[in-house]
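In what follows, a single structure is set out as structure tokens and then discussed.
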Amino acid sequence: MNEIGGIRRDRGRTERLQSLHEDDLGALCEATDAAILDGGGFGWLSVPGRQAMERYFRGLLMVPERMLFVARLDGIIVGAAQLVRPPRNNEAQAMSATLMHLYVAPYARGHGLGRLLLLEAEQCARAMGYQILNLDVRETQVAAIRLFQSFGFHQWGVHPSYARTDGRTVRGLFFTKRLQDNERVVPAHPQALSVPIPARGPISVTEHSLTLYPAIDLKDGACVRLRRGDMDAATVYSDDPGAQARAWAAAGCQWLHVVDLNGAFAGRSANSAAIEAIIANATVPVQLGGGLRDMAGIERWLSAGITRVILGSVAVKNPALVREACRAFPGRIVAGIDARSGQVATEGWAETSEMQAVELGRRMEDAGVAAIIFTEISRDGMLTGIDIAQTAELANALSVPVIASGGVGTAAHLQALRQATAQAPGIEGVIVGRALYDGRVDPAEALRILS
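Residue 861, in this note's numbering, is where the sequence shown stops; the numbers in between run on with no holes.
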């Protein structure tokens, strides 16, 4: 068995199928039956019978415009997705592809396979030159909707009478995502490109790009870094938070991660002037945590220019507030889960609860958070490396993206995390603090490794 940081590499994988032998066909039909009975991810409302299902999949492989991707768990097919290309006579929409029928059987969930399937199909569409990937989904498919949103799909419309199920009419949500960084001229039809798209090998989706979040931790108005969350072990790196925000943006970072350390202990914002200076100088999105314990504080900073707020201690002590905030500000609420040996810590890491990180993660996912930041406190500021095993466990247990934090000390630590995304695709980014300030990790090198 191959392992990276304790992550099994032989359990889950995805691939494109161009032929079906009997064992694979049987497993695919079984997974599809289970998904239909579970009420999601496929067009049928009731199981059509094995003969009809087998004819469907055999015929599917004969349609040139359709590509079938499957997810395997321990070698057995447990889910699928389809990429649909426009017919050759549709030149007006030749730049767009459509994702359909993405599902994982209920008995195989919790391994990140839905994310792997989506990533596989998206990378294939991008490689073929498509600029846009479209999809639509019933509003009842809550987990799927969160998955698509976490991958950057934009909801552009709602169909009020999209489908009939369980004797009622349900709405449909329409999503789209731009696949190429820049608008560019493409051939009359991308699928006419000479780039081959073969069925891939055992691990076809390897590591994917991650977002670098440089940390700006604020204490008494200055930019500092702590060791293991100890306020008495702070190193001051800059007394000008606005200038630091400009520096990280100029270095190419696409996000800033700001924490009001005094606020985390006080339970209310305590570095307002410094945060306002960062907002005034930042040319990239900013996420803010520390001391946000009520709707007034959350609304204040979102209105002031903060893109996302991070709720930490309140996630444990007042989950109703998290739900309320997620409803009021969809896509703009992040949960911060800080843990010691898997147990959640609160009040600026001064207290440890009995709750496990995965349990809190699932609760926050249900509340509707856009992402989760996971920090292993024992490693924070120590430069000894991220706890990849714990981070991957959390990412694979959830459908929302997970941002790793705590312990980055070298470029090799970033490379290890990026490689780990092959089996934990739910890891979306990494927060780096002291190693960037000390010069142990060069921002340009970090961005290159993570891209």
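Just so you know, even glycine gets a beta-carbon here, dropped at the ideal spot from N, CA and C.
Inter-residue spacing [alpha-carbon to alpha-carbon] between residue i and residue j
i	j	result
L526	L721	28 Å
N806	L529	14 Å
Q551	Q753	31 Å
V480	E532	13 Å
V488	L435	11 Å
A374	Y540	Past the boundaries of the shown model lies residue 374; the chain is included only from 411 to 861, so the question cannot be answered.
P780	G699	Reading off the sequence shown, one finds Ala at residue 780, where the question assumed Pro. A780 and G699: Cα-Cα distance of roughly 14 Å.
E803	E769	11 Å
Y513	L427	16 Å
L509	A735	31 Å
E495	L478	Going by the sequence as given, residue 495 is Arg instead of Glu. Straight-line Cα distance between these residues: approximately 12 Å.
S809	R519	10 Å
S560	A491	17 Å
T424	L523	8 Å
S682	I837	31 Å
F675	L793	24 Å
W665	M472	44 Å
A632	T717	21 Å
A507	S861	24 Å
Identified DSSP bridge partners for residue i
i	result
S506	I542
G699	V669, I720
L808	L808 is not bridged to any residue.
R588	I542
A573	V580
A554	Note: A554 sits in no beta bridge, so no partner.
S682	Its beta-bridge partners do not exist; DSSP assigns none.
S456	In the DSSP output, where bridge partners are listed per residue, S456 has none listed.
V744	I720, A781
G567	F584
T645	R635
Where residue i falls: helix, strand or coil (DSSP)
i	result
G422	strand
W658	helix
W711	helix
D627	strand
C633	strand
T831	coil
M765	strand
I787	helix
M705	helix
P853	helix
S560	helix
T442	helix
Q428	coil
T621	strand
E475	coil
A738	helix
L862	Here the chain comprises residues numbered 411 to 861, so residue 862 is not present and cannot be evaluated.
CA nearest to the CA of residue i, picked from the options
i	options	result
G652	R536, Q825, V696, S679	V696
E432	R465, C663, R556, A660	R465
F585	R578, T579, R556	R556
A830	D848, I782, M705, T801	T801
E855	G459, M538, D443, Q825	Q825
A668	R678, T621, V719	Position check: residue 668 holds Val in this sequence, whereas Ala was assumed. Taking only the C-alpha atoms, the option nearest V668 is V719.
A749	T717, G741, R742, S788	S788
Q833	D484, D852, G795, F467	D484
G422	R468, H521, V457	H521
G459	L471, M472, A441, R476	A441
G453	G582, R733, L827, A777	G582
L438	V568, P497, A515, E549	A515
A714	M538, I685, E549, I859	I685
I743	R703, R468, V851, D848	R703
M765	G795, I747, D848	I747
I689	R733, A655, L455	A655
Within-8 Å CB hit, residue i to chain B
i	result
E530	Here there is only one protein chain, and chain B is not present.
Original post:
Does the segment 645–652 come close enough to the segment 714–731 to have 3 or more Cβ pairs within less than 8 Å?
Top reply: The way I'd put it, the segment 645–652 doesn't touch the segment 714–731; fewer than three beta-carbon pairs between them come closer than 8 Å.
**OP:** Could you tell me whether the segment 841–853 touches the segment 815–833, where touching means 3 or more Cβ pairs closer than 8 Å?
**Re:** These segments touch.
Original post:
Is it a yes or a no for the segment 566–575 touching the segment 624–638, going by three-plus beta-carbon pairs under 8 Å?
Top reply: Proximity of the segment 566–575 to the segment 624–638 falls short of the contact definition, fewer than three beta-carbon pairs being nearer than 8 Å.
Subject >> the segment 498–506 contacting the segment 449–459, beta-carbon criterion three pairs below 8 Å >> reply: No, because fewer than three Cβ pairs between the segment 498–506 and the segment 449–459 fall closer than 8 Å, the two stretches do not touch.
Original post:
Would the segment 763–775 and the segment 710–718 be scored as touching if the rule is three or more Cβ pairs under 8 Å?
Top reply: Fewer than three beta-carbon pairs drawn from the segment 763–775 and the segment 710–718 are found closer than 8 Å, and the two stretches are therefore not classed as touching.
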